[in-house]
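**Q** Here it is, the structure in full.
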Amino acid sequence: MRTVVVVQARTGSTRLPGKVLKPVCGEPLLVRQVERVLAATTPTEVLVATTHDPADEAIVALCAKHGFRVERGHPTDCLDRHLTAARAAQADAVVKIPSDCPLIDPAAIDRVIGAYLSEPGRWDFVSNLHPPTWPDGNDVEVMPLDVLEIAGREAKRPLEREHTTPFIWDQPERFRVCNITWETGLDYSESHRFTLDYEEDYQLIKAVYEQLWTPSRPIFPIAEILALFEARPDIRDLNAKHLGVSWYRNHPGELKTLEERP
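Residue numbering for the sequence shown is 79 to 340, as defined by my numbering.
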């Protein structure tokens, strides 16, 4: 089975423009994130899916410099962009990891992909997000290409096109959906925020890298981040005002519940 990780990235973020190119420890955040994705043991290929927008030439050039495969697609229809990238890579299984997760733990990637691959053909969608338990910013979603193709043909709501997978996971009566919870048994999804949407998030992520990253040991696990937060609550609290903020919590009116479906 050809498993391809697609990291969607563009410079046109509305909340924090150019966020994936912000520097940390000598490289743009996109490079640091792809390094962490590549540190997982399960993916067979990793590629960056950017857009045809001229502003994203910078991402194409960055990927070329670092030897990352890049595919270009629709600027705002991320579902179509994922499909374009997955088809180009001849993927059997598609792994969605957004580029706003520069502290993603490779172990979280391995847990989710490993669960999908351990039972071939059993699941239409495996993630660690529904419901989430990992600290926000460890987002991993896996689905067969044919299921993503169904979403590409049938998804109509703007939210479904923008966020790629809601058409699938919001229909558990139609698709076989599996959630992987954090093995600690804890739920840090609202109390710890590793994702990148606001300037305060960048300041926290930058501080974490400056404390834990070294050229000889560039990949540090989630346990070390949590230990740093215990020792340095001033770093942990840099983005405290945004705790619990996520797109699927902030758009409840656009997601149908099972009871509301015809």
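Glycine residues also receive a C-beta, built at the ideal position from the N, C-alpha and C atoms.
Since the structure is predicted, the reported quantities are computational estimates derived from the model, not experimental observations.
Kindly indicate which three-state DSSP category F298 falls into: helix, strand or coil?
**A** The DSSP-derived three-state label of F298 is coil.
**Q** If distances are taken between C-alpha atoms only, which option among M79, R165, D155 comes closest to P198?
**A** M79
**Q** Could you check which residue in A164, V124, P106 has the C-alpha nearest to that of P180?
**A** Measuring from the Cα of P180, the nearest candidate turns out to be P106.
**Q** Should P330 go down as buried or exposed, given a rule of 16 or more other Cβ atoms within 10 Å for buried?
**A** Any reading at P330 is ruled out, since the residue's pLDDT is 48, under 50, leaving its predicted position unreliable.
**Q** Taking C-beta to C-beta, are E62 and P293 nearer than 8 Å?
**A** With the chain running from 79 to 340 in the structure shown, residue 62 is simply not present.
**Q** Bridge partners of V85, per DSSP?
**A** V126, I175
**Q** In the DSSP assignment, find the unbroken beta strand (DSSP E) run with V323 in it and report its ends.
**A** Segment: none, V323 is in no beta strand (DSSP E) and carries neither H nor E.
**Q** Would you tell me roughly how many angstroms separate the C-alpha atoms of E337 and E251, rounded to the nearest one?
**A** For E337, the pLDDT reaches just 35, beneath the cut-off of 50, and the residue's location in the model is therefore unreliable, leaving the point undetermined.
**Q** Give me the Cα-Cα distance between T129 and H152, rounded to the nearest whole angstrom.
**A** 5 Å
**Q** Straight-line CA distance for H270 to W260?
**A** 13 Å
**Q** Going straight from the alpha carbon of L290 to that of L116, what length do you get?
**A** 18 Å
**Q** Report buried or exposed for P121, applying the criterion of at least 16 other Cβ atoms within 10 angstroms of its Cβ.
**A** When all chains shown are included, P121 counts as buried.
**Q** L264 by DSSP, collapsed to three states: which one?
**A** Note: L264 maps to coil in three-state DSSP.
**Q** Please determine, among T243, G215, I303, I258, the residue with the shortest C-alpha to C-alpha distance to L321.
**A** G215
**Q** Please check the pair T81 and I191, which I expect to be a contact at CB under 8 Å, by giving their CB distance rounded to whole angstroms.
**A** Taking C-beta atoms under 8 Å as the contact rule, T81 and I191 qualify, at a distance of about 6 Å.
**Q** Just mark Q111 as buried or exposed, buried being the case when its beta carbon has 16 or more other beta carbons within 10 Å.
**A** buried
**Q** Could you give the C-beta distance for P222 and D202, rounded to a whole number, given that I count them as a contact under 8 Å?
**A** 7 Å
**Q** What number of angstroms, rounded off, separates the C-alpha of A163 from the C-alpha of P311?
**A** 40 Å
**Q** At what residue ranges does the stretch 137-194 contain a whole run of the beta strand (DSSP E), taking only runs of 3 or more?
**A** 147-151, 171-176
**Q** Can you tell me which residues form a DSSP beta bridge with L207?
**A** Note: L207 sits in a beta bridge opposite P210.
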